[in-house]
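K.L.:
With the first letter of the sequence shown counted as 1, position 71 gets the number 213 in my numbering; the numbers rise by one all the way through.
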Amino acid sequence: MTGSDGFRKPSDPAAGFPFIVSSNPENVDAVTRKLIRSHVMRGKKKKVRPDKGQPTIGRRARTMAVYTQTARIKLEEVGSLYTSLIPSRVGSDLSFAEFAADIELPMLLNIAKVTPFARKVIFPLKVAIGLQEENNEGHYPIARDAVGLHITAFAVESFIDRVLRHRENIINLAALLHFQKGLTLLKERLLGEDEELKISDPTISVVLKLAEAAHFDGDYQTSKQHMQGLRKMVDLRGAIG
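Structure representation (structure tokens):
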């Protein structure tokens with residue numbers, strides 16, 4: 143039904159959704175205005191509105207606070223959770239040491255392990271044959287003498303293989319390579335013209351190590367020959383006083 147003002151009268155809400163047709167919103171009667179406002183408010187109530195007592199910024203801050211508390215870790219746990227891009231250690235203790243010749247790191251480490259025990263055996267023998275070193279460099283010929291480095295590496299590996307590990311039939315190719323290099327350099331020294339170098343402390347130490355290595359390997363005849371050569375060198379130095 144249409145009224146005299148050109149509006150369709152609102153029907154009972156229970157009968158269905160009222161349909162309002164108007165060409166002049168200023169002439170809307172009070173009943174129609176009330177109906178429009180009720181529908182507008184009904185739509186607003188359906189929207190999710192934040193609680194007036196909890197502002198949006200406050201809720202967001204509390205959410206971040208909860209996340210921060212959950213993700214917080216102790217300072218002492220940082221080391222176990224994160225790995226630094228910078229390694230804590232570069233190389234080994236011998237990385238910056240200089241040697242008379244190239245040598246593999248595992249062999250250097252073996253020399254460092256065996257040396258404290260070898261001193262207790264070698265030094266008394268050196269004293270017994272009259273070998274008196276004037277400085278500490280004579281204690282460590284591997285730093286200055288290529289022959290001593292190669293032969294020491296061979297002797298230490300022979301001691302480890304034969305005595306410590308009981309490897310009778312194992313051929314240590316790396317140790318044999320150092321043996322060949324050291325023996326070649328030793329022959330060149332003994333055939334050279336430097337008479338003092340032939341009977342020097344480093345040379346005597348090398349021959350003594352060769353005798354030890356042969357003894358560890360069970361080659362007692364070769365060990366005896368090295369000891370005889372060592373005796374000749376000692377005699378050339380004036381014999382054992």
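Think of the CB as a built atom: it goes at the ideal place given N, C-alpha and C, for glycine as much as any other residue.
Quantities reported herein were computed from a predicted structural model and do not represent experimental measurements.
1) Can you tell me whether ARG179 is helix, strand or coil according to DSSP?
2) Determine, using beta carbons only, whether LYS340 and LEU332 come nearer to each other than 8 Å.
3) Rounded to whole angstroms, how far is the Cβ of ALA356 from the Cβ of THR345, which I believe are closer than 8 Å?
4) Output the distance between the C-alpha atoms of ALA295 and GLU310, rounded to the nearest integer angstrom.
5) Measuring alpha carbon to alpha carbon, tell me which of GLU338, ASP287 and ILE293 ends up nearest LEU318.
6) If I follow the unbroken alpha helix (DSSP H) through ALA297, where does it start and stop?
7) On the criterion of 16 or more Cβ atoms from any shown chain inside 10 Å, does ILE313 qualify as buried, or is it exposed?
8) Could you check if HIS308 is buried or exposed, using at least 16 other CB atoms within 10 Å of its CB as the buried criterion?
9) Identify the continuous alpha helix (DSSP H) that holds ARG331 and give its terminal residues.
10) Can you tell which of ALA288, ASP244, MET369 and PHE301 has its C-alpha closest to the C-alpha of ASN252?
11) In whole angstroms, what is the alpha-carbon distance linking LEU247 and MET369?
12) Quick one: Cα of HIS320 to Cα of SER347, how far?
13) Given LYS351, which residues of its chain have a CB within under 7 Å of its CB, disregarding the five upstream and five downstream residues?
14) Kindly indicate which three-state DSSP category GLY380 falls into: helix, strand or coil?
15) When you compare only the Cα positions, how much space is there between ALA254 and GLY371?
16) Mark PHE358 as exposed unless 16 or more other C-beta atoms lie within 10 angstroms of its C-beta, in which case mark it buried.
17) GLU337 to GLN322, Cα distance in whole Å?
P.N.:
On the basis of the data shown:
1) helix
2) yes
3) Not confirmed; about 17 Å, so no contact.
4) 18 Å
5) ILE293
6) 288 to 301
7) exposed
8) exposed
9) 315 to 332
10) PHE301
11) 30 Å
12) 16 Å
13) ILE293, THR294 and ALA297
14) coil
15) 28 Å
16) buried
17) 23 Å
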